[in-house]
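Visitor: Count along the sequence shown from 1, add 418, and you get the number used in my numbering.
This structure is in structure tokens; I'll ask about it shortly.
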Amino acid sequence: MDLSITRADHGSQTVVHLGGEIDVYTAPLVREKLDEQIQGGRTRLVVDLTDVTFLDSTGLGVLVGRLKLTRTRGGTMRLVGADDRVLKVFAITGLDKVFEIHPTLDAALAASESAAAAPGEGS
């Protein structure tokens, strides 16, 4: 079980940086940590997968579930991913069309800021 989870606030956005393997053994911890942020009202999430070396279907399920949860609370969840193996999992499953995936953390933060500054949809 090689997994690291850190969190940093960037204004109204919360970045959760994940590193290592997200699989059937570590996914419950990822779920718990993301839920802590969402339950605490931090619903503008950026999940940084840059240092994730492996992601299985259990991990994908956790991310999909947290995306739905943030949306029901009026929030957003963007992903940052650079590892081709991890990005390929999103592409194969079609989830690259569901998630907003950015190549860098700066790009994800900037996209979130510009979306927040734009006239609100469904406000």
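For every residue, glycine included, the Cβ atom is placed at its ideal position computed from N, Cα and C.
Since we're looking at a predicted model, the values are computed, not measured.
In three-state terms, what does DSSP make of PHE517?
Guide: coil
Visitor: Give me the Cα-Cα distance between ASP474 and ILE519, rounded to the nearest whole angstrom.
Guide: 17 Å
Visitor: How long is the line joining the alpha carbons of LYS451 and PRO521, rounded to whole angstroms?
Guide: 23 Å
Visitor: By DSSP's criteria, GLU439 is part of a beta bridge. Which residues make up the other side?
Guide: PHE472
Visitor: Over the uninterrupted alpha helix (DSSP H) stretch that includes ASP502, give me the two end residues.
Guide: 502-511
Visitor: In angstroms with no decimal places, state the Cα-to-Cα distance between LEU611 and ASP514.
Guide: Only positions 419 to 541 of the chain appear in this structure, which leaves residue 611 out of reach.
Visitor: Starting from the C-beta of SER430, find all residues in its chain whose C-beta is less than 6 Å away, skip the five residues before and the five after it, and write them out in chain order.
Guide: ARG462
Visitor: For ASP524, does the count of other Cβ atoms within 10 angstroms reach 16, so buried, or fall short, so exposed?
Guide: exposed
Visitor: Give me the Cα-Cα distance between THR444 and VAL482, rounded to the nearest whole angstrom.
Guide: 16 Å
Visitor: Straight-line CA distance for VAL516 to THR494?
Guide: 12 Å
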